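Accompanying notes for the structure given below.
2 protein chains.
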Amino acid sequence: MGNSLSPLTLSIIGFGAIGQGVATIVQNVPQIKVVAIADSKGVALMPDLKDVLARKRGGQPIANSNLTALDVIRTIDHDVVVEVTPTNIHGGEPGLTHVREALKNKRNVVTSNKGPLVAAFDELTQLAYTNGVALRYEATVGGAMPIVNLIRDTLAGARVLDIRGVLNGTCNYILTRMAEEALDYDQVLSEAQDMGIAEADPTYDVTGIDTACKVVILANAFFGRSATFADVDVTGIDRITQDALQLARQRGFAVKLVGDVQELTVSPKLVPIGHPLNVSGTLNAASILTDTAGEITVAGKGAGSIETASAILSDILSVMRDRS
Amino acid sequence: MGNSLSPLTLSIIGFGAIGQGVATIVQNVPQIKVVAIADSKGVALMPDLKDVLARKRGGQPIANSNLTALDVIRTIDHDVVVEVTPTNIHGGEPGLTHVREALKNKRNVVTSNKGPLVAAFDELTQLAYTNGVALRYEATVGGAMPIVNLIRDTLAGARVLDIRGVLNGTCNYILTRMAEEALDYDQVLSEAQDMGIAEADPTYDVTGIDTACKVVILANAFFGRSATFADVDVTGIDRITQDALQLARQRGFAVKLVGDVQELTVSPKLVPIGHPLNVSGTLNAASILTDTAGEITVAGKGAGSIETASAILSDILSVMRDRS
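These protein sequence lines are chains A and B, in that order.
All letters in the first sequence, in the order written, are residues 1 to 324 by the working numbering.
All letters in the second sequence, in the order written, are residues 1001 to 1324 by the working numbering.
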């Protein structure tokens, strides 16, 4: 790893919306130098970021070498691997191999990819420790909403007793619209799909899988669990009726899809309307119950490529601080 | 300063509710050793924390030496001065002298005392820099609600454009009760006084002075201002009518006492009922508007001796991390 005067060198593995967001943001940080960018077709070595971003947006190939992503991770000397390939919760590949190989080669890893952490949290944190490098994953939970580093650094003086989170913007949008406009689930889902808030196949979000992955990561990070997806008891929002929402509302509650990290559950729960966890629209929120600091709630945008890239940059900057 | 293997040594200057909270919490942290505690009557050197806390609660003197607080700060070799004397916004004393002398003697300072920072922010941050020590003050704004360190560390990847905060629990309690119960200001104030939520003389809170001090600290810390209390345009909540609250409510807003850090204003403002800043009761909240991370809102208990002590402990732990 370089000393604190040389720029921090990084590779970006995965060049979808988030990878492009990272490239866009680090363009303006002179202390950071991108040595390689890999997309599914190939690798751009020592890329001119402006040029590569323009090519990608124009649908042109970015590769200027015969290397693969794994070649970059294994053989190019650099400080940080930014792993931002799409999440695959069935085994975590290709992200898992990328992260594993990066750590084995003593490179720090910053990732937004839930797959590897859900599949092999203990193995990867152990690998990072053994190799004396950092594995940072603020962007895997809540996008730009700080939670992992908030708990680890800012709330270091308190013991965390539980974390309860509204961690999926698509679900929260659907539940908010259903409650406010008295519309049925199917109507709102269809509207959300039109607006790009829900995917064409919304299963991953609405059945609670995405939230469960975040619960697994937080449980392993802060409660010493070795949980995987199978350990979480998951109920989605796809069977919630208008009647249930209105009944809750009359009694002063909103229905939210809540992940409870200590319980390892994801399910629709009643949240008092005045409680800070009760955020609306696509917002995410998490309430952190502590012994001495009481309950701290944080809310913010849970998705968006620039917002997620911002969380990644905060992790990159911590790696930079730790080496100085 | 000791090396990372020896315990971190600290003095507690001020032994009211917060000082006692700090002593209570650090009792359980083996890496921290309290070398002196000063109250208004004298100094306990190398105190047995359990014994000193019991004496204080029983109304007995704690002093076992002829030293003063300033003697401790100047002459006893230790790592961190925890300055938790009461806030005095007219000149900042005695806290200002305590903090200044601590920094000049190359001791790190952790404080919950707004007075010195409002009176002499630039001088003190410069002194800390020149002497190579830390000046940390998470507990001055929002009690246990993390904001200073959240912005500095966790949101380091984003540029902060503005901070708007509901930063006084007494005001927020009064406004919440007025709106929910349709009671007048005087009725709710009197109730809050009975409950210990408002002081017998509530001026400092209800006229916005406390919120303005917090605005000054955040403006100086994050927007490079050299503001003092006189630079803030302050309107309190003591003239708010029931009519105004109900009118706002009908239109979908709550009235909150909002400190706007970029504007340097404190005034009752309309906050949309669904916005995360709209917290109820004695809660505090702050919305941090950033360039790339969007708007992040954090909420938590703004007061309480153990909660404030918890924020102080998180600052002490950062000092500890930074020396290792």
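Ideal Cβ placement from N, Cα and C applies to all residues, glycine included.
These figures come from a predicted structure and were not determined experimentally.
Sorting A:17, A:66 and A:52 by C-alpha distance to the C-alpha of residue 83 of chain A places A:17 at the top.
Under DSSP, residue 1208 of chain B takes part in no beta bridge, so it has no partner.
Inter-residue distance for residue 1151 of chain B and residue 120 of chain A is about 31 Å (C-alpha atoms, whole angstroms). Within chain B, the residues whose beta carbon sits less than 9 Å from that of residue 296 of chain A are 1144, 1145, 1146, 1298, 1299, 1300 and 1301, listed in sequence order. Annotation for residue 260 of chain A: the continuous beta strand (DSSP E) segment containing it runs 253–260. Residue 1268 of chain B has B:1257 as its beta-bridge partners, per DSSP. Residue environment for residue 195 of chain A: exposed (fewer than 16 other C-beta atoms within 10 angstroms of its C-beta). Beta-bridge annotation (DSSP): residue 1235 of chain B is not paired with any residue. A contact is defined here as three or more CB-CB pairs under 8 Å, and the region 1173–1193 of chain B fails this definition with respect to the region 1116–1134 of chain B. Residue 53 of chain A has its alpha-carbon roughly 7 Å from the corresponding atom of residue 20 of chain A. Within the same chain, and ignoring the five residues on either side of residue 282 of chain A in sequence, the residues whose Cβ sits closer than 8 Å to its Cβ are 169, 170, 172, 173, 197, 301, 302 and 303.
Taking one beta carbon from each stretch, the region 1273–1287 of chain B and the region 1173–1184 of chain B have 3 or more pairs nearer than 8 Å; the two touch. Taken through DSSP and simplified to helix, strand or coil, residue 1008 of chain B comes out as strand. Per the Cβ contact rule, the region 137–152 of chain A is in contact with the region 1147–1165 of chain B (3 or more Cβ pairs under 8 Å). Out of A:14, A:71, A:243 and A:142, the CA that lies nearest to the CA of residue 166 of chain A is found in A:142. Counting C-beta atoms within 10 angstroms of its own C-beta, residue 46 of chain A has fewer than 16 neighbours from the protein chains shown and is therefore classed as exposed. By a beta-carbon distance limit of 8 Å, residue 1293 of chain B contacts residue 307 of chain A. Their separation comes to about 6 Å. Taking every protein chain shown into account, the CB of residue 310 of chain A has 16 or more other CB atoms within 10 angstroms, so this residue is buried. The beta-bridge partner set that DSSP reports for residue 301 of chain A consists of A:283. Residue environment: residue 1098 of chain B is assigned as buried (16 or more neighbouring CB atoms within 10 Å of its CB, all protein chains considered). Scanning chain B for C-beta atoms nearer than 9 Å to the C-beta of residue 118 of chain A yields nothing, as the closest lies near 23 Å away. Within the DSSP bridge table, the entry for residue 1108 of chain B names B:1080 as partners. Chain order gives no chain B residues near residue 7 of chain A, where near means a beta carbon separation below 9 Å; the closest approach is about 16 Å. Taking a beta-carbon distance threshold of 7 Å, residue 1040 of chain B does not count as an interface residue toward chain A. DSSP places residue 1115 of chain B in the uninterrupted alpha helix (DSSP H) bounded by 1114–1130. Annotated three-state conformation of residue 1092 of chain B is coil, per DSSP. Taking each of A:227, A:276 and A:313 in turn and checking the Cα distance to residue 295 of chain A, the smallest one comes out for A:276. The C-alpha of residue 76 of chain A lies about 43 Å from the C-alpha of residue 1110 of chain B. Per DSSP, reduced to three states, the secondary structure at residue 216 of chain A is helical. At a Cβ-Cβ threshold of 7 Å, residue 238 of chain A and residue 266 of chain A do not count as neighbours. Residue pairing of residue 162 of chain A in beta bridges, as defined by DSSP: A:289. Going by beta carbons, residue 1080 of chain B and residue 1108 of chain B fall inside the 7 Å limit. Partner residues in the beta bridge of residue 135 of chain A, as assigned by DSSP, are A:109. If you draw a straight line from the Cα of residue 1241 of chain B to the Cα of residue 1232 of chain B, it comes to about 24 Å.
With a threshold of 16 other beta carbon atoms within 10 Å, residue 1268 of chain B meets it and is buried. Within the model, the alpha-carbon separation for residue 1248 of chain B versus residue 1146 of chain B is close to 29 Å.
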